[in-house]
Each structure stands twice: as C-alpha cells, then as structure tokens.
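>
Numbering (full-length UniProt numbering), first residue to last: 1 to 335.
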C-alpha cells in the first residue's frame with residue numbers, strides 16, 4: 001500500500017480489523033458477512049509536512065494514529081540525507097535510464113542477480129511451507145519474552161527512582177516515540193518473523209537462529225525510529241564505533257539472544273557466574289551483520305574487557321557480560 005497516510009478514514013477503519021483479526025466485515029445491499037483476509041501488509045508513508053522532522057516522534061511526523069502504527073511488526077525510517085556519493089550514483093542511474101530506456105548493466109562481480117520471474121518462483125515455493133515452533137524453541141521464546149518484559153519493568157522503575165515523576169514521564173515519552181514497549185503483540189510479531197525466516201530456508205520447523213534473527217529485526221526497527229544520521233532521539237551526538245558495539249552487545253545480553261547452544265537460560269546460573277553468558281561466535285556474527293568491521297569488533301572487545309565490563313570464558317568461546325549480571329542482582333536485592 002503506497003501513500004498509506006493518504007487513506008480515507010473508512011478504509012483506515014477496515015485496515016484495523018484486517019491487521020488485528022485477519023478478517024473484513026462487509027455490509028452492502030442487504031448482505032452482512034465476514035470474509036477471511038489472511039494477508040500481509042507492506043506499506044509506505046510520507047512525512048506530514050513534506051520532510052521528516054528528527055526532533056519529533058514517528059507518530060507526530062506521520063499522519064497516522066499510534067494504534068494503527070503499533071499493529072505493524074517492524075517499521076523502518078528511511079531518511080533522504082544528502083550524500084555526495086549516493087546522490088551522484090542516483091543521478092547517474094536516472095540519466096542512464098532516460099538516455100537508454102533501460103537500467104545500467106549490474107554485472108555479476110558483486111553477486112548473483114535474479115530475474116523477477118525467479119524471485120516470484122522462489123516466493124511461491126516458500127509459501128508452500130507451514131513452519132511450526134518446536135517445544136525447545138517455544139521455551140526459548142517464552143524465556144526471552146519474560147526477560148524483555150523484566151528489563152522493561154526494571155528500566156521504568158530505575159527512571160522513577162532516579163528522578164521521580166518527571167523522569168518517569170520523560171522515559172515514558174521516549175519509549176512511546178520509538179515504540180520501545182514490549183507487549184504480547186511484540187511476541188506475536190517475533191513468531192511471524194521467525195516463521196517467515198523458516199520459509200525462506202524451505203523449512204517446516206522454526207529454529208533458535210530464526211528467533212534470534214527476528215529479535216534482531218525488531219530491535220533494528222526500534223533503533224531506526226529512534227536515531228537519525230548523526231544525533232540520537234535525545235539530541236546527543238552519535239556514539240563512536242566501540243560504544244555502538246557495546247550498546248549492541250548489551251541489548252543482546254538483555255534480550256537473551258546469542259545464548260550458548262548448551263545454556264539452559266536459567267537466571268540462577270547467571271547470578272552464580274556473575275553475568276550473562278553469550279556465545280562469542282554468535283555475538284561477533286551479529287556485530288559484523290550490523291555493518292561493523294572485524295577490527296572495530298576486536299578493538300571494542302579488548303577495550304571493554306580491560307574495563308571489566310565483560311570477559312571471555314570457555315577458551316575464548318563465550319562472552320560473559322558482567323555489568324548486566326550485576327544490574328540484575330541489584331534489582332533482585334531491591335525486590
């Protein structure tokens with residue numbers, strides 16, 4: 001759906017029912033019925049005033065109610081920031097298409113180019129699979145969801161204790177701006193994304209890696225709405241590479257992602273070991289996937305190891321996030 005923000009109010013009301021219940025109600029010519037509408041919605045919307053204002057939230061920038069936006073599993077903010085290299089590349093592409101009535105030759109040096117027919121055939125084959133969540137992965141999702149909810153509760157309590165009602169209101173507003181609340185709807189979105197990832201692999205079973213990737217997509221969506229090109233939502237300057245990697249790893253530790261394959265995800269074990277244990281290989285893969293180089297990852301790993309924020313264990317196969325574990329124990333002591 002293009003120009004999603006320009007929809008008529010009546011159509012927008014119908015979209016609510018489709019996205020919530022996967023049905024649509026019809027009442028015309030004396031016929032009243034409810035039809036199935038099992039579909040996915042990919043929508044694009046434009047800023048309310050022609051250009052996105054980074055000082056305002058996504059709800060304030062887009063002419064859509066928050067109740068409707070929250071029904072999307074993931075949302076990404078695409079800003080048209082001036083860039084000499086990107087602008088020149090776009091201009092060359094547009095002029096080439098107007099001169100030759102076809103797009104430039106992409107070549108195969110950077111990878112394989114699939115035709116639209118091949119993509120349609122792949123998607124059609126993927127849709128024939130009906131992935132299910134096995135018992136082990138189901139328990140992993142439950143523990144991860146509970147952990148995310150606990151982290152949200154602790155963050156709200158710390159904000160209230162730090163600055164009273166004013167700080168709590170500010171934290172609540174910031175959370176609303178980037179849709180940071182973890183709700184049952186978030187869990188359903190993770191399930192749908194994990195099943196979609198399993199279909200891409202032509203598999204009828206969801207794996208733990210699918211769940212971790214779904215969690216990463218949800219977190220990336222929140223970061224996209226919260227950050228701009230050079231400033232965060234709070235107006236502070238952007239962090240350097242090591243600090244960004246630290247925030248990424250901290251988020252992985254808080255969400256329970258990248259756990260070792262043989263870990264039972266028990267909070268009592270975390271307290272006995274003094275922190276959250278993660279697979280060093282999985283953490284590195286996540287960091288590289290976010291666009292950081294291996295040298296930046298190694299530099300951040302060494303820097304925060306010296307600061308005793310985390311330590312490596314298991315002959316260099318595990319990363320123990322010490323700070324997160326301490327914070328959990330402090331919260332338990334307060335309770």
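The beta-carbon is built from N, C-alpha and C at its ideal position, and this holds for glycine as well.
The structure presented is a predicted model; accordingly, all values stated were derived computationally and were not measured.
Smallest Cα separation from residue 244: which of 257, 158, 260 and 220?
220
> Whole-angstrom Cβ separation of residue 61 and residue 52, contact assumed at under 8 Å?
5 Å
> Please name the residue in 283, 185, 208 and 252 whose C-alpha comes closest to that of residue 74.
When each option's Cα is compared against that of residue 74, the closest is 185.
> If you measure between the beta carbons of residue 297 and residue 309, is that distance less than 7 Å?
Going by C-beta atoms, residue 297 is not nearer than 7 Å to residue 309.
> Buried or exposed: residue 295, going by 16 or more other Cβ atoms within 10 Å of its Cβ?
exposed
> Using 8 Å as the Cβ pair cut-off and three pairs as the minimum, do the stretch 132 to 140 and the stretch 195 to 212 touch?
Verdict: yes, contact present.
> Could you have a look at residue 321 and say whether DSSP puts it in helix, strand or coil?
strand
> Can you tell me whether DSSP reads residue 307 as helix, strand or coil?
coil
> Is the Cβ-Cβ distance between residue 283 and residue 319 less than 7 Å?
Yes, they are a contact pair.
> Spell out a yes or no on whether the stretch 13 to 29 and the stretch 191 to 202 are touching, meaning 3 or more CB-CB pairs, one atom from each, closer than 8 Å.
no
> From the DSSP output, in three-state form, read off residue 11 for me.
DSSP places residue 11 in helix when its eight states are reduced to three.
> Excluding sequence positions up to five away, which residues of its chain have a Cβ less than 6 Å from the Cβ of residue 96?
104
> Using a C-beta cutoff of 7 Å, does residue 50 count as contacting chain B?
Checking the listed chains, one finds no chain B in this structure; it contains a single protein chain.
> Quick check on the DSSP output: what are the complete alpha helix (DSSP H) runs of length 4 or more inside the stretch 185 to 235, in order along the chain?
Listed in chain order, they are 208 to 226.
> Which value, in whole angstroms, describes the spacing of the CA atoms of residue 249 and residue 259?
12 Å
> Can you give me the C-alpha to C-alpha distance between residue 125 and residue 202, rounded to a whole angstrom?
8 Å
> Would residue 215 pass as a contact of residue 255 if the rule is Cβ separation under 7 Å?
yes
> Cβ atoms of residue 148 and residue 182: under 7 Å apart, would you say?
yes
> When burial is assigned at 16 or more other CB atoms within 10 Å of the CB, is residue 230 buried or exposed?
At residue 230, the pLDDT of 47 sits below 50, so the modelled position is not reliable; the number obtained from the coordinates is stated separately. Flag for residue 230 reads exposed.
> Is residue 240 buried or exposed, if buried means 16 or more other CB atoms sit within 10 Å of its CB?
Burial call: exposed.
> Assuming residue 211 contacts residue 141 (C-beta within less than 8 Å), just tell me the rounded distance between them.
For residue 211 against residue 141, the beta-carbon gap comes to about 6 Å, under 8 Å, which counts as contact.
> Exposed or buried, which one is residue 131 when buried takes at least 16 other CB atoms within 10 Å?
buried
> Could you say which of 79, 83 and 152 lies nearest to residue 46 if we only look at CA atoms?
79
> Quick one: what does DSSP say residue 34 is sitting in, helix, strand or coil?
strand
> For residue 16, which of 41, 3, 29 and 28 has the nearest alpha-carbon?
The option with the nearest alpha carbon to residue 16 is 41.
> Which runs of the alpha helix (DSSP H) spanning at least 4 residues fall entirely within the stretch 101 to 149, listed in chain order?
116 to 126
> Evaluate residue 178 with the Cβ neighbour count: other Cβ atoms within 10 Å of its Cβ, from every protein chain shown; 16 or more gives buried, anything less gives exposed.
Reliability of the predicted coordinates at residue 178 is poor, the pLDDT of 44 falling under 50, and the value obtained from them is presented with this limitation in mind. Counting of Cβ neighbours within 10 angstroms places residue 178 among the buried residues, the total reaching 16 or more.
> For residue 293, which beta-bridge partners are listed by DSSP?
The partner list for residue 293 (beta bridge, DSSP) is empty, contrary to what the question assumes.
> Please say whether residue 43 and residue 4 have beta carbons closer to each other than 7 Å?
Cβ distance < 7 Å, so residue 4 and residue 43 count as in contact.
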